[in-house]
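Per the UniProt record's numbering, the sequence shown starts with residue 1, numbered consecutively. First the structure, in the form of structure tokens, and then the observations on it.
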Amino acid sequence: MALQRMDNVGIVVDDLDAAVAFFAELGMEVEARAQIEGSFADLTVGLDGVRSEIAMMRTPDGHGKLELAQYHAPAALGDGSADTPPNTLGLHRVMFAVDDIDDTIVRLRSHGAELIGEVAQYENVYRLCYLRGPAGIILALAERIG
């Protein structure tokens, strides 16, 4: 049996509506929202009494998806610290290709995004940057210039 595809990346957030608005501003579309609870949820994630809400977001081409989840029970762990550095073990970042990196930064700043470093240019091929978004999520943006 072979791997079929990567289906989505799951991200736990503390404010689902704010995270949906952030990724919608980036250009993603809400595919579905749902309440998740019951024995299947408990068994799947290995926790008791799971009660959460998810929003499935997709890229305009339909190939990339993020599953944003807000846990109402049991409470999410961690503080979503905005000072976790990009070299922390675990999920590093999610990268998106954009048409205009400067415009994207301006739009995402209105949703609380903060530039981590600076916009940098890699040879004559890409302009790149890291932003911190909701729940401390690190996004990378790449604008192809050559």
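Backbone N, C-alpha and C fix where the C-beta goes; we use that ideal spot for every residue, glycine too. For clarity, every value in this text was computed on a predicted model and none was experimentally measured.
Own chain partners of Gly133 with C-beta closer than 6 Å, once the 5 adjacent residues on each side are dropped: So the list reads Phe22, Ala113, Leu139, once near-sequence residues are dropped.
Which whole-angstrom value is the C-beta distance of Gln70 and Leu16, which I expect to be below 8 Å? Correct: roughly 4 Å between the Cβ atoms.
Would Ala97 and Val12 be called neighbours here (beta carbons separated by less than 8 Å)? Taking 8 Å as the cut-off, the Cβ atoms of Ala97 and Val12 do not count as close.
For the candidate residues Arg33, Pro74, Tyr126, whose alpha-carbon lies nearest to that of Met95? For Met95, the nearest C-alpha among the options comes from Tyr126.
To the nearest angstrom, how far is the alpha carbon of Thr44 from that of Leu141? Approximately 32 Å, taken between the alpha carbons.
Inside the region 2-75 only - alpha helix (DSSP H) runs reaching at least 4 residues: The region 2-75 contains these whole alpha helix (DSSP H) runs: 16-26, 39-45.
Once DSSP output is grouped into helix, strand and coil, what is the label at Leu115? Leu115: strand per DSSP, three-state reduction.
According to DSSP, Leu141 sits in a beta bridge with which residue or residues? According to DSSP, which records beta bridges pairwise, Leu141 is partnered with Phe96, Cys129.
Going by alpha carbons, who is nearest to Arg58 out of Glu37, Ala32, Phe40, Gly90? By alpha-carbon distance to Arg58, the top candidate from Glu37, Ala32, Phe40, Gly90 is Ala32.
Contacting residues, own chain, Cβ-Cβ under 6 Å from Thr84 (five flanking each side not counted): Cβ within range, chain order: Gly136.
Environment of Thr88 [buried if 16+ CB atoms lie within 10 Å]: Classification for Thr88: exposed.
Expressed to the nearest angstrom, what Euclidean distance is found between the alpha-carbon atoms of Gly49 and Gln35? Each residue's Cα considered, the two are about 13 Å apart.
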